[in-house]
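Quick note on numbering: our numbering labels position 99 of the sequence shown as 99, and the sequence is numbered without any gaps. Using N, Cα and C, we set each Cβ at its ideal position, and we do this for glycine too. In what follows, a single structure is set out as structure tokens and then discussed.
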Amino acid sequence: MKAISDTYTLANGIAIPCVGFGTWQVPDGDAVVSAVSSALELGYTHIDTAAAYGNEAGVGKAVRRSPGGRESVFVTSKLWNDVRGYRETLEAFDKTMERLGFDTLDLFLIHWPAPYRFRDNYRELNRETWRAFEELYRAGRVRAIGVSNFLRHHLEELMETAEIPPMVDQLEFHPGWMQQDTVSFCQQNGILVEAWSPLGSGKLLQDPQLCEIAAKYGKSTAQLCLRWALQKGILPLPKSVTPERIRQNTQLFDFVISAEDEQAIDRLSCVGRTGSDPDNAKF
Ligand SMILES: NC(=O)c1ccc[n+]([C@@H]2O[C@H](COP(=O)([O-])OP(=O)(O)OC[C@H]3O[C@@H](n4cnc5c(N)ncnc54)[C@H](OP(=O)(O)O)[C@@H]3O)[C@@H](O)[C@H]2O)c1
1 MKAISDTYTL
11 ANGIAIPCVG
21 FGTWQVPDGD
31 AVVSAVSSAL
41 ELGYTHIDTA
51 AAYGNEAGVG
61 KAVRRSPGGR
71 ESVFVTSKLW
81 NDVRGYRETL
91 EAFDKTMERL
101 GFDTLDLFLI
111 HWPAPYRFRD
121 NYRELNRETW
131 RAFEELYRAG
141 RVRAIGVSNF
151 LRHHLEELME
161 TAEIPPMVDQ
171 LEFHPGWMQQ
181 DTVSFCQQNG
191 ILVEAWSPLG
201 SGKLLQDPQL
211 CEIAAKYGKS
221 TAQLCLRWAL
231 QKGILPLPKS
241 VTPERIRQNT
251 QLFDFVISAE
261 DEQAIDRLSC
271 VGRTGSDPDN
281 AKF
């Protein structure tokens, strides 16, 4: 990757910009419109939202009124844990599209594999849900379909009956939490891994070892974490509401982390994990 405008290619040939802008915990209305508008002005062309973030309306508004318009931006949304099943999923997708104000979506993900309220029969329900995803994809209402927080075993379960395999798995991924087993499975099966909380939700940024390595390259610790993900063929989704940081998180293409430093980062012991275990989440 040489620029923020560069893309990965999904299994179905669709191009996906190599860095996405995260919007979790950015309130709907002016806050998210302003953050997404700043990101689009600063060169991002990929925005990550979800029904659960409650800000699809503001994301849609910022994208629709951006200089390049709707067609110039890759937008992802996600099906929340209160919805499972074929018909229910189609209805939830319609609501997402109404809030975004779009005719088509670029990427739709199942947000978590085994919601608390559906845990007893999540496998069957995910299969029905996925049938709806395949229907949306075949009808051209969404350009790509995937999952989030699916571990290897959830992917294997889904792929037993899927006619179209997931194209993306969005996982917690950052120094100190690499999910090697699932990432390897994805990479061997043509599933692009996206990194959520690529900065450990900001908690990693004071890590002394990361700070020391970043200083060697004259880069911030955030830039080091994002570059490290890109060097592994992973698509990071940094979030910020601060224009200077939004800009900084695009400046990742004028340095290369050496193999030795990359391995030192890989060896960091378990730090910075913020997410729940997908098999035991309380939501
Ligand atoms: N699929 C899922 O289950 C899931 C779960 C979590 C997140 N996500 C996605 O992944 C995105 C990113 O994850 P995240 O929001 O948890 O966290 P993150 O991107 O790892 O970190 C965001 C935090 O770091 C700060 N920050 C950002 N850039 C910085 C920089 N250059 N220097 C210093 N501080 C910086 C931000 O502060 P300010 O905003 O105050 O600038 C914010 O506090 C989310 O927004 C969402 O789109 C998905």
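Once DSSP output is grouped into helix, strand and coil, what is the label at residue 19? Start at 1 with the first residue of the sequence shown, and residue 19 comes out as number 19. Residue 19 falls in the coil class under three-state DSSP.
Could you compute how far the alpha carbon of residue 73 sits from the alpha carbon of residue 90? Residue mapping note: residue 73 aligns to position 73 of the sequence shown, counting from 1. Residue mapping note: residue 90 aligns to position 90 of the sequence shown, counting from 1. Spanning the two alpha carbons is a distance of roughly 23 Å.
Three-state secondary structure (DSSP) at residue 243? Position 243 of the sequence shown holds residue 243. Three-state DSSP puts residue 243 in a helix.
Quick check: the Cα distance between residue 76 and residue 214, rounded to an integer number of angstroms? For this step, residue 76 is matched to residue 76 along the sequence shown. For this step, residue 214 is matched to residue 214 along the sequence shown. Those two C-alpha atoms are separated by around 30 Å.
According to DSSP, which residues form a beta bridge with residue 172? Against the sequence shown, residue 172 aligns to sequence position 172. Residue 172 has 196 as its beta-bridge partners, per DSSP.
Residue 14 versus 142, 244, 282, 51, residue with shortest Cα-Cα distance: Along the sequence shown, one-based indexing puts residue 14 at 14. Of 142, 244, 282, 51, the residue nearest in Cα terms is 142.
May I have the straight-line CA-CA distance separating residue 181 from residue 257, to the nearest angstrom? The count along the sequence shown starts at 1 and reaches residue 181 at position 181. The count along the sequence shown starts at 1 and reaches residue 257 at position 257. In a straight line, the C-alpha of residue 181 is about 23 Å away from that of residue 257.
Euclidean distance between Cα positions of residue 79 and residue 283: The sequence position of residue 79 within the sequence shown is 79, counting from 1. The sequence position of residue 283 within the sequence shown is 283, counting from 1. Residue 79 and residue 283: Cα-Cα distance of roughly 13 Å.
Buried or exposed: which applies to residue 53, given that a residue is buried once 16 or more other Cβ atoms fall within 10 Å of its Cβ? Residue mapping note: residue 53 aligns to position 53 of the sequence shown, counting from 1. Classification of residue 53: buried, given that the 10 Å Cβ count is 16 or more.
Whole angstroms are fine: how far does the CA of residue 24 sit from the CA of residue 112? For the purposes of this step, residue 112 is taken as the residue at position 112 of the sequence shown. For the purposes of this step, residue 24 is taken as the residue at position 24 of the sequence shown. Using only the alpha carbons, I get a separation of about 15 Å.
Neighbourhood of residue 210 by C-beta distance below 8 Å, restricted to the same chain and skipping five residues each side: One-based indexing of the sequence shown puts residue 210 at position 210. Here the set comprises 175, 204, 221, 224, 225, 265, 268.
Answer yes or no: do residue 358 and residue 11 have a C-beta to C-beta separation smaller than 7 Å? Past the boundaries of the shown model lies residue 358; the chain is included only from 1 to 283, so the question cannot be answered.
Less than 8 Å between the CB atoms is what I'm expecting for residue 84 and residue 129, so what's the real figure, rounded? Taking the first residue of the sequence shown as position 1, residue 84 is located at position 84. Taking the first residue of the sequence shown as position 1, residue 129 is located at position 129. Indeed, because the Cβ distance is near 5 Å, the residues count as touching under 8 Å.
When the Cα of residue 244 is compared with those of 38, 21, 33, 227, which residue comes out closest? Locating residue 244 in the sequence shown gives position 244, where the first residue counts as 1. Considering only 38, 21, 33, 227, the residue with the shortest C-alpha distance to residue 244 is 38.
C-alpha gap between residue 255 and residue 249, whole angstroms: As a first step, residue 255 must be located in the sequence shown, where it is residue number 255. As a first step, residue 249 must be located in the sequence shown, where it is residue number 249. Approximately 13 Å, taken between the alpha carbons.
Identify which residue in 183, 171, 177, 188 has its Cα closest to the Cα of residue 195. Locating residue 195 in the sequence shown gives position 195, counting from the first residue. Looking at the Cα atoms, 171 is the closest of the given residues.
Taking Cβ to Cβ, would you say residue 151 is nearer than 7 Å to residue 168? Here residue 151 refers to the residue found at position 151 of the sequence shown. Here residue 168 refers to the residue found at position 168 of the sequence shown. Their beta carbons are not under 7 Å apart, which means residue 151 does not touch residue 168 by this criterion.
Just verifying my parser: in three-state terms, what is the DSSP assignment at residue 6? Residue 6 sits at position 6 when you count from the first residue of the sequence shown. Coil.
Could you check if residue 269 belongs to the surroundings of ligand 1, using beta carbon to heavy atom distance under 6 Å? As a first step, residue 269 is located in the sequence shown; it is residue number 269 there, counting from the start. For ligand 1, not one heavy atom lies less than 6 Å from the Cβ of residue 269.
Helix, strand or coil for residue 67, going by three-state DSSP, please let me know. Taking the sequence shown and counting its residues from 1, one reaches residue 67 at position 67. In the structure shown, residue 67 sits in coil (DSSP, three-state: anything other than H, G, I, E or B).
According to the Cβ coordinates, are residue 140 and residue 109 closer than 7 Å? Here the question's residue 140 lines up with position 140 in the sequence shown. Here the question's residue 109 lines up with position 109 in the sequence shown. Going by C-beta atoms, residue 140 is not nearer than 7 Å to residue 109.
By the DSSP assignment, the alpha helix (DSSP H) with residue 229 in it spans what residues? Counted from its first residue, the sequence shown places residue 229 at position 229. Start and end: 221 to 231.
With hydrogens ignored, establish whether the beta-carbon of residue 170 is closer than 6 Å to any heavy atom of ligand 1. By 1-based counting over the sequence shown, the position of residue 170 is 170. Within the cutoff, so yes.
Enclosing beta strand (DSSP E) for residue 48 [first to last residue]: To locate residue 48, count along the sequence shown from 1; it is residue 48. Taken as a continuous stretch (DSSP letters only), the beta strand (DSSP E) holding residue 48 covers 46 to 48.
Distance between beta carbons of residue 278 and residue 149, contact taken as under 8 Å: For the purposes of this step, residue 149 is taken as the residue at position 149 of the sequence shown. For the purposes of this step, residue 278 is taken as the residue at position 278 of the sequence shown. Right, their Cβ atoms sit about 4 Å apart.
Inspect the beta-carbon positions of residue 62 and residue 36 and report whether they are closer than 7 Å. Walking along the sequence shown from the start, residue 62 turns up at place 62. Walking along the sequence shown from the start, residue 36 turns up at place 36. A contact, by the Cβ cut-off of 7 Å.
Applying the 10 Å Cβ sphere with the 16-neighbour rule, what's the burial state of residue 95? As a first step, residue 95 must be located in the sequence shown, where it is residue number 95. That one is exposed.
Would the beta-carbon of residue 22 fall within 7 Å of that of residue 48? Translated into positions along the sequence shown, residue 22 becomes position 22. Translated into positions along the sequence shown, residue 48 becomes position 48. Their beta carbons are under 7 Å apart, which means residue 22 touches residue 48 by this criterion.
So the candidates are 186, 247, 163, 132; which of them puts its Cα closest to the Cα of residue 155? Here residue 155 is taken as the residue at index 155 of the sequence shown, counted from 1. The shortest Cα separation from residue 155 among 186, 247, 163, 132 belongs to 186.
Can you tell me which residues form a DSSP beta bridge with residue 76? Position 76 of the sequence shown holds residue 76. Per DSSP, 48, 107.
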